[in-house]
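See below for the structure under consideration.
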Amino acid sequence: MDVLITDDSGFMRDLLREILEEEHNIVGEAENGVEAVELYQQEQPDIAFMDIVMPIKDGIEATDEITDLDPDATIVMCTSVEQAEQMKDSIKAGADGYITKPFQKESVLEEVNSITSG
Amino acid sequence: MEIDIRALETYNKLAHDGAQSAVKSLSQLTGISTRVEVTDVSLMSPSDLQYEFIGNEYAGVSIDLTGEIRGETVLAFDEQARTAVTDVLVPADDPEMKKSSIKEVGNIMTSGFIDGWANHLNTKIKSSPPTYIEGTGTEVLPRSATEGDSHLLVFRSRVEASRGGVNEPVDFRILLVPDQTSLETALEPQTDTSISFEKLEVFNEMTKEGAEKSASNITSMTGIETSVNISRLSLVPLEDIPAEVGTKRYVGTVMEFQGKLSGYLIILFDQPSGRAVVDSLVPMETEGEWGEMEQGALQELGNIMTSGFIDGWANVLNAEIKHSPPKFVADIGSSIMSPIIAQIAQTDDHAFLLDSSIETDSDRVFTCQMLALPRRDELEEALDEILVENSGNTEVDPNDLF
Numbered sequence: 001m002d003v004l005i006t007d008d009s010g011f012m013r014d015l016l017r018e019i020l021e022e023e024h025n026i027v028g029e030a031e032n033g034v035e036a037v038e039l040y041q042q043e044q045p046d047i048a049f050m051d052i053v054m055p056i057k058d059g060i061e062a063t064d065e066i067t068d069l070d071p072d073a074t075i076v077m078c079t080s081v082e083q084a085e086q087m088k089d090s091i092k093a094g095a096d097g098y099i100t101k102p103f104q105k106e107s108v109l110e111e112v113n114s115i116t117s118g
Numbered sequence: 001m002e003i004d005i006r007a008l009e010t011y012n013k014l015a016h017d018g019a020q021s022a023v024k025s026l027s028q029l030t031g032i033s034t035r036v037e038v039t040d041v042s043l044m045s046p047s048d049l050q051y052e053f054i055g056n057e058y059a060g061v062s063i064d065l066t067g068e069i070r071g072e073t074v075l076a077f078d079e080q081a082r083t084a085v086t087d088v089l090v091p092a093d094d095p096e097m098k099k100s101s102i103k104e105v106g107n108i109m110t111s112g113f114i115d116g117w118a119n120h121l122n123t124k125i126k127s128s129p130p131t132y133i134e135g136t137g138t139e140v141l142p143r144s145a146t147e148g149d150s151h152l153l154v155f156r157s158r159v160e161a162s163r164g165g166v167n168e169p170v171d172f173r174i175l176l177v178p179d180q181t182s183l184e185t186a187l188e189p190q191t192d193t194s195i196s197f198e199k200l201e202v203f204n205e206m207t208k209e210g211a212e213k214s215a216s217n218i219t220s221m222t223g224i225e226t227s228v229n230i231s232r233l234s235l236v237p238l239e240d241i242p243a244e245v246g247t248k249r250y251v252g253t254v255m256e257f258q259g260k261l262s263g264y265l266i267i268l269f270d271q272p273s274g275r276a277v278v279d280s281l282v283p284m285e286t287e288g289e290w291g292e293m294e295q296g297a298l299q300e301l302g303n304i305m306t307s308g309f310i311d312g313w314a315n316v317l318n319a320e321i322k323h324s325p326p327k328f329v330a331d332i333g334s335s336i337m338s339p340i341i342a343q344i345a346q347t348d349d350h351a352f353l354l355d356s357s358i359e360t361d362s363d364r365v366f367t368c369q370m371l372a373l374p375r376r377d378e379l380e381e382a383l384d385e386i387l388v389e390n391s392g393n394t395e396v397d398p399n400d401l402f
């Protein structure tokens, strides 16, 4: 499966890449919401992992833009934010799943399987 | 119980003036030059107050107060301060006379602390004869700070002193723990700036839960077992905040948060702790400097800790609180705080400081301090809106929504 990773932290992008690349194909890494939208259009990934707190454009805004461009986009928020209101905003923007940091490798892979199989 | 925030500020100012008066007395008696570093009024659980005293030897006086303000005052010198005072006043090797000198110095200093309150209230606050106290840690604390589990409103001053021009800091603390009834009288709302004491307690508990979540996030990411040892909510004059943080060197992150509550969150690791955290996050040889990789790792940890800390507030308030990406800082504590204080000082002269200390379970080798400075008017508004019965809802499971 083609995966796009978006996180402003290089450390976190590395961590996610290590977890995901065993089973999936990483097609791009974005550092902010603007880059995420551009890379999404360019690479058309099967699934996009999206951080929320990022400079320039946050992950909820980027998710909103991506789902406007592609209503079938599959987006998993991958964030440290655990606020009900921001989770609801993510759902409104079109997110399909939500993983909270710090995460375990298994929970990331389970989320991917659950979303893609459901 | 409703308490008046402006009155609390006034009492904080009185406590500061009282501490000034106390150190002046000490200087006159001993020739030791002194400086009041910090005076604040903190809402703390007895266990958190006790933790601050654990492990150190103290000597001083305990005085019971009656009248308009009832309660207990303790003035405690740490071992170095006690020696400094008694060496000057009783050079001879006479333990009883040394005790007596501490008792008298403590008595004079405490009077200086209390009298301003009495004058402000146009009333009498009677002090009991001083009782000499000596012991380790909690043995010297006021009784009300070791009995029961209700939060305490504690007025604290930390003073540093030096002798003969030599930079030899000595430390003592003045604690005033008023009883609940006299607090109700003294802080009875006179203006529209009252807040509920119960809600302050709830908010303090929520903050402690947030800090515990942050500590657990450190453990998940680094494997270093940590827990929250102290969590307190203080009303502090802005100019005292840099001194509150001190002059040790720290590394950490600064974040601004916005939404229902806005303000700043500062996460500070002492240098060895910061290095330990980064070493466990970035398992490769580094040159001991704070390069891009190390800064990035610390920023991401700060990001995750911040969410752990503030998300509980947002969930209880049914609101959003967003935070900025973390900014890496490496400097002495007071220098890190100064630009933040300058920002807040444009609108306020006091701030609510939420201060949580995270340490390793086994020892104090690893320390991390989390300091939150919410905008005062917004915190007062948020406290007004908090539903006490909703205070347990700090955590949300994404699976319940997705």
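Line by line, the protein sequences give chains X and Z.
Residues in the first sequence are numbered consecutively from 1, following the numbering used here.
Residues in the second sequence are numbered consecutively from 1, following the numbering used here.
C-beta: ideal position from N, C-alpha, C; glycine also.
Bridge pairing for His323(Z): Phe257(Z) [DSSP].
Per DSSP, the unbroken alpha helix (DSSP H) holding Phe203(Z) starts and ends at Phe197 to Thr222. Per DSSP, Gln346(Z) lies in no beta strand (DSSP E) and is assigned neither H nor E.
Judged by DSSP secondary structure, Lys105(X) falls within the alpha helix (DSSP H) whose first and last residues are Lys105 to Ser117.
Counting along the chain, Asp78(Z) sits inside the beta strand (DSSP E) bounded by residues Gly71 to Asp78. Ile332(Z) is outside the set of residues whose beta carbon lies under 7 Å from a beta carbon in chain X. In this structure, Thr138(Z) is the residue among Gly67(Z), Thr83(Z) and Thr138(Z) with its C-alpha nearest to the C-alpha of Gly55(Z). Under the Cβ distance rule, Lys101(X) counts among the residues neighbouring chain Z, one pair being separated by less than 7 Å. Against chain X, a Cβ distance below 7 Å from Asp311(Z) picks out Val81, Glu82 and Gln83. Of Val74(Z), Val251(Z), Leu383(Z) and Ile310(Z), the smallest CA-CA separation from Ala59(Z) is found for Val74(Z). Contact with chain Z is found for Pro55(X), since one of that chain's Cβ atoms lies less than 7 Å from the residue's Cβ. The DSSP-derived three-state label of Ile19(X) is helix.
Cα atoms of Ser90(X) and Gln80(Z): separation of roughly 56 Å, rounded to the nearest angstrom. Here Gln369(Z) carries a strand assignment [DSSP, helix/strand/coil]. Within the region 172 to 187 of chain Z, no residue places its CB atom closer than 8 Å to a CB of chain X. A direct Cα-Cα distance of roughly 37 Å separates Lys24(Z) from Glu198(Z). Secondary structure at Ile56(X): coil, using DSSP grouped into helix, strand and coil. In the three-state reduction of the DSSP assignment, Asp4(Z) falls in the strand class. Per DSSP, Arg275(Z) lies in no beta strand (DSSP E) segment; the continuous alpha helix (DSSP H) that holds it begins and ends at Gln271 to Leu281. Burial of Leu261(Z) is indicated by the presence of at least 16 other C-beta atoms within 10 angstroms of its C-beta. No Cβ-Cβ contact shorter than 7 Å links Asn318(Z) with Val396(Z). Asp68(X) counts as exposed, since fewer than 16 other C-beta atoms from the protein chains shown sit within 10 angstroms of its C-beta. Identification of residues in the region 34 to 51 of chain X having a C-beta nearer than 7 Å to some C-beta of chain Z yields an empty set. Per DSSP, reduced to three states, the secondary structure at Met44(Z) is strand. Our two residues, Asp400(Z) and Glu209(Z), have alpha carbons roughly 21 Å apart in a direct line. Here Ser357(Z) is buried: its Cβ has 16 or more other Cβ atoms, across all protein chains shown, within 10 Å.
Counting C-beta pairs closer than 8 Å gives three or more between the region 74 to 84 of chain X and the region 44 to 56 of chain X, which meets the contact rule.
In this structure, Lys105(X) sits near Ile19(X), with a CB-CB distance shorter than 7 Å. For Ile63(Z), the uninterrupted beta strand (DSSP E) segment begins and ends at Glu57 to Gly67.
Closest in C-alpha terms to Ala382(Z), from the list Ile332(Z), Ser194(Z), Asp355(Z) and Ile304(Z), comes Ser194(Z). Annotation: Asp355(Z) to Glu201(Z) spans about 14 Å, alpha carbon to alpha carbon.
Chain Z places no beta carbon closer than 7 Å to that of Ser107(X), leaving this residue out of the contacts. Residue state for Pro398(Z) is assigned as helix, using DSSP reduced to three classes. Chain order gives no chain X residues near Met109(Z), where near means a beta carbon separation below 8 Å; the closest approach is about 47 Å. About 7 Å separates the beta carbons of Glu43(X) and Asp2(X), which is inside the 8 Å limit, making them a contact pair. Pairing Leu353(Z) with Thr347(Z), the inter-Cα distance amounts to about 16 Å.
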